[in-house]
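Residue numbering for the sequence shown follows the working numbering, beginning at 27 and increasing consecutively.
In what follows, a single structure is set out as structure tokens and then discussed.
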Amino acid sequence: MGSYGGERRKVKDICVVGAGPAGIGASKYLLAENCFDTIDVFEQQASFGGVWNYSNDPIDTIDIPQTNPHQPLDEPIWRPCSNPNGVANGAQKATFVSPMYERLETNIPHSIMKFSDMPSLEDHQLFPSREVVTQYLEDYGEDVKHLVSFQTQVMDISQTRPGAHQVRLKDLRTNTVYGKNIRCCCGGQWTLHCAHPTEDQRDREVESNKSRRYLAHQVLPKTKAFCR
Numbered sequence: 027m028g029s030y031g032g033e034r035r036k037v038k039d040i041c042v043v044g045a046g047p048a049g050i051g052a053s054k055y056l057l058a059e060n061c062f063d064t065i066d067v068f069e070q071q072a073s074f075g076g077v078w079n080y081s082n083d084p085i086d087t088i089d090i091p092q093t094n095p096h097q098p099l100d101e102p103i104w105r106p107c108s109n110p111n112g113v114a115n116g117a118q119k120a121t122f123v124s125p126m127y128e129r130l131e132t133n134i135p136h137s138i139m140k141f142s143d144m145p146s147l148e149d150h151q152l153f154p155s156r157e158v159v160t161q162y163l164e165d166y167g168e169d170v171k172h173l174v175s176f177q178t179q180v181m182d183i184s185q186t187r188p189g190a191h192q193v194r195l196k197d198l199r200t201n202t203v204y205g206k207n208i209r210c211c212c213g214g215q216w217t218l219h220c221a222h223p224t225e226d227q228r229d230r231e232v233e234s235n236k237s238r239r240y241l242a243h244q245v246l247p248k249t250k251a252f253c254r
């Protein structure tokens, strides 16, 4: 992050976009600083976890190559839930397609992926399953749960002046759109499809897809898969 050479202002209101691993960690750090009037965390899913929230719902075909960054936001998929955050029992929760797949396991040992202030996963296999990681994040987020607006989608963020932003939000449960003036700490863009054409695509017919659409190995029978 580059240095900011403009006028220094005391930041009183701040928001974190997303309640995945990075969002939870950032929220805990900001809360521990004890210097903000308000800390708002906005998460479009119905629970902690971010991309670790698994969904087996297929998504529409993705056009590849895809180099246009101006794409519409994902629409929620509504599924029954016994007790989603902020919703009464028997209601539905908003879910979104994520890059998780059915039998995913981490590709690094739990000993180096744990949070420093949270017990490790020594009682589980060396490379934990996605279910274990998801529960780990749920447990870790409990201390900042009161800061989080679940099922709230960030639609747009625009700078109003140096160090200040207007955040446009949508409550997915009511379809209410509203705005906040706030300082932002933003997450990644893993949902943005960006794939440039390859030589394979130019020279011959090759089916291309994004790993986000992969759900299980059974969908690739007798198929050569190339990852890049």
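Glycine included, each C-beta is placed from N, C-alpha and C at the ideal position.
Small disclaimer: the values here were computed from a predicted structure and weren't measured.
Query raised in the report: What did DSSP end up calling G49 once you bin it into helix, strand or coil?
Result: G49 falls in the helix class under three-state DSSP.
Report task. Going by DSSP, name the residue or residues bridged to K36. Result -> None, per the DSSP bridge assignment.
Report task. Say whether the segment 55-66 touches the segment 37-44, bearing in mind that this needs 3 or more beta-carbon pairs closer than 8 Å, one atom from each stretch. Result -> In short, these stretches touch, since the Cβ pair count reaches three.
Query raised in the report: Which of the three DSSP states, helix, strand or coil, is assigned to Y204?
Result: In this structure, Y204 counts as strand in the three-state DSSP scheme.
Query raised in the report: Three-state secondary structure (DSSP) at L172?
Result: Going by the sequence as given, residue 172 is His instead of Leu. In the structure shown, H172 adopts helical secondary structure according to DSSP, grouped into three states.
Requested in this report: Report the three-state DSSP secondary structure of D197 (helix, strand or coil).
Outcome: Looking at D197 - three-state DSSP - the assignment turns out to be strand.
**Report entry** Under the three-state DSSP convention, the category R230 falls into
**Finding:** Since pLDDT at R230 reaches only 48, below the 50 mark, its modelled position is unreliable, and no value is offered.
Requested in this report: State buried or exposed for T202, treating a residue as buried only when at least 16 other CB atoms are found within 10 Å of its CB.
Outcome: Exposed, because fewer than 16 other Cβ atoms sit within 10 Å of the Cβ of T202.
**Report entry** Beta-carbon proximity list for D229, same chain, < 6 Å, skipping 5 on both sides
**Finding:** Any reading at D229 must be qualified, since the residue scores a pLDDT of 48, below 50, and its modelled position is unreliable; the value itself is stated next. Residues of the same chain with their beta carbon placed closer than 6 Å to that of D229 are lacking, with the five preceding and five following residues left out of the count.
Query raised in the report: Is the CB-CB distance between M126 and T132 below 8 Å?
Result: Contact: no.
Query raised in the report: Do you know how far the Cα of D143 is from the Cα of D149?
Result: The straight-line gap from Cα to Cα measures roughly 17 Å.
Report task. Please confirm whether V37 and R209 have their CB atoms less than 8 Å apart. Result -> It is a contact, given that the beta carbons lie within the stated cut-off.
Query raised in the report: Got a sec? Which residues, its chain only, sit under 6 Å from Q177 by beta carbon, not counting five neighbours each side?
Result: So the list reads A72, A120, L198, R199, once near-sequence residues are dropped.
Query raised in the report: Taking Cβ positions, are C211 and A52 nearer each other than 8 Å?
Result: It is a contact, given that the beta carbons lie within the stated cut-off.
**Report entry** Member of P98, Q185, G189, I134 whose CA lies at the smallest distance from the CA of Q179
**Finding:** Answer by Cα proximity: P98.
Query raised in the report: Looking only at its own chain, which residues have a Cβ that is under 8 Å from the Cβ of P49, when we skip the five neighbours before and after it?
Result: Before going further, note that residue 49 is Gly rather than Pro in the sequence given. Counting only Cβ-Cβ distances below 8 Å, and skipping sequence neighbours, we find V42, V43, V67, E69, G76, G213.
Report task. Using 10 angstroms around the beta-carbon of N207, count the other beta-carbons present and answer buried if the total reaches 16, otherwise exposed. Result -> It counts as exposed.
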